[in-house]
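Under the working numbering, the first residue of the sequence shown carries the number 77, and numbering increases by one thereafter.
Since the structure comes first, as structure tokens, the remarks are kept for the end.
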Amino acid sequence: MRLNEVAHNLFIIEEGKQSFPATKSKYPPYYGERKYGNLREWIPYRSKFAAMVMNGYMPQIMNDWKVLYLGAASGTTLSHFSDIFDDGMIYAVEYSAKPFSKLLKLAMERKNIIPILRDASKPLEYSGIVEKVDFIYQDVAHREQIKIFTMNSNIFLKTNGCGLIMVKARSIDSTAEPQDIFNDVIGDFSSNFKILKTGNLEPFHRDHIFIHLVKG
Numbered sequence: 077m078r079l080n081e082v083a084h085n086l087f088i089i090e091e092g093k094q095s096f097p098a099t100k101s102k103y104p105p106y107y108g109e110r111k112y113g114n115l116r117e118w119i120p121y122r123s124k125f126a127a128m129v130m131n132g133y134m135p136q137i138m139n140d141w142k143v144l145y146l147g148a149a150s151g152t153t154l155s156h157f158s159d160i161f162d163d164g165m166i167y168a169v170e171y172s173a174k175p176f177s178k179l180l181k182l183a184m185e186r187k188n189i190i191p192i193l194r195d196a197s198k199p200l201e202y203s204g205i206v207e208k209v210d211f212i213y214q215d216v217a218h219r220e221q222i223k224i225f226t227m228n229s230n231i232f233l234k235t236n237g238c239g240l241i242m243v244k245a246r247s248i249d250s251t252a253e254p255q256d257i258f259n260d261v262i263g264d265f266s267s268n269f270k271i272l273k274t275g276n277l278e279p280f281h282r283d284h285i286f287i288h289l290v291k292g
């Protein structure tokens, strides 16, 4: 087994003909992933961030960053973020009560997660909880994905702060061609942000792209 460190506490494990990401973690498996010593497998079919890493892109991040995570769901990706941002703080916003109940248990175990049961499209409702952040990560299957990210970044993202949004074409328009939607989304973001990188998440997630951007 070979290890390639790509970020703080984030590795690519090469095992025979297989390779997959993993985070260094003192915690037990959280969602059925395998544990290799102190490394937790990060399954790309369960996490769009892991899929992006498997496709060869890793944004520059710092382990002491303050992070706003929009659409944290039950905490699969969040659990790995907690490993990476081990000296930072993650504000995890989720609207649905069922996945939030599992996320809440994760937050009780991890000291760097603040769970927030709120609608990400209404950022003023949690503006008294979330401070200015260095990084916004969004994975929200919503028709107004662009608006949600823009509103939150206007309130919470520091100047020169970074964002990463996972865009799901079918949630925006189920009848249009995904590439047409992606082109429109990238064009919309380009008017307010500097686009650092875009890319698809195939074969792990169909009709998705990631957009890595910075607030000027």
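All C-beta atoms in this analysis are idealised placements derived from N, C-alpha and C, irrespective of residue type, glycine included.
Owing to the predicted nature of the structure, the values given are computational and were not obtained by experimental measurement.
{"Check": "Buried versus exposed call for Glu170 [16 or more other C-beta atoms within 10 Å across all chains shown]", "Outcome": "buried"}
{"Check": "C-beta atoms of Met242 and Pro199 nearer than 7 Å", "Outcome": "no"}
{"Check": "Residues bridged to Glu91 [DSSP beta-bridge criterion]", "Outcome": "Gln94"}
{"Check": "Presumed contact (8 Å Cβ cut-off) between Ile192 and Ala168, rounded CB distance", "Outcome": "6 Å"}
{"Check": "Pro175 beta carbon less than 7 Å from that of Ala196", "Outcome": "no"}
{"Check": "Extent of the continuous alpha helix (DSSP H) run through Thr152", "Outcome": "152-160"}
{"Check": "Assigned exposure category for Asn259 - 16 Cβ within 10 Å defines buried", "Outcome": "exposed"}
{"Check": "Inter-stretch contact at 8 Å, needing at least 3 Cβ pairs: the region 133-147 / the region 211-222", "Outcome": "yes"}
{"Check": "Cutoff 7 Å; reference Lys273; Cβ partners in own chain excluding five residues on either side", "Outcome": "Tyr133, His288"}
{"Check": "Met77 burial status per 10 Å Cβ neighbour count (16 or more: buried)", "Outcome": "exposed"}
{"Check": "Residues near Cys238 in its chain [Cβ-Cβ closer than 6 Å; skip 5 each side]", "Outcome": "Phe211, Val290"}
{"Check": "CA-to-CA distance, Ile262 to Asn230, given in whole angstroms", "Outcome": "18 Å"}
{"Check": "Cutoff 7 Å; reference Ile248; Cβ partners in own chain excluding five residues on either side", "Outcome": "Arg219, Gln221, Ile257"}
{"Check": "Limits of the unbroken beta strand (DSSP E) element including Gln214", "Outcome": "209-214"}
{"Check": "Exposure of Tyr121, with buried meaning 16 or more beta-carbon neighbours within 10 Å", "Outcome": "exposed"}
{"Check": "Length of the line joining the Cα atoms of Lys26 and Asp140", "Outcome": "An answer regarding residue 26 cannot be provided, because it is not within the stretch 77 to 292 covered by the chain."}
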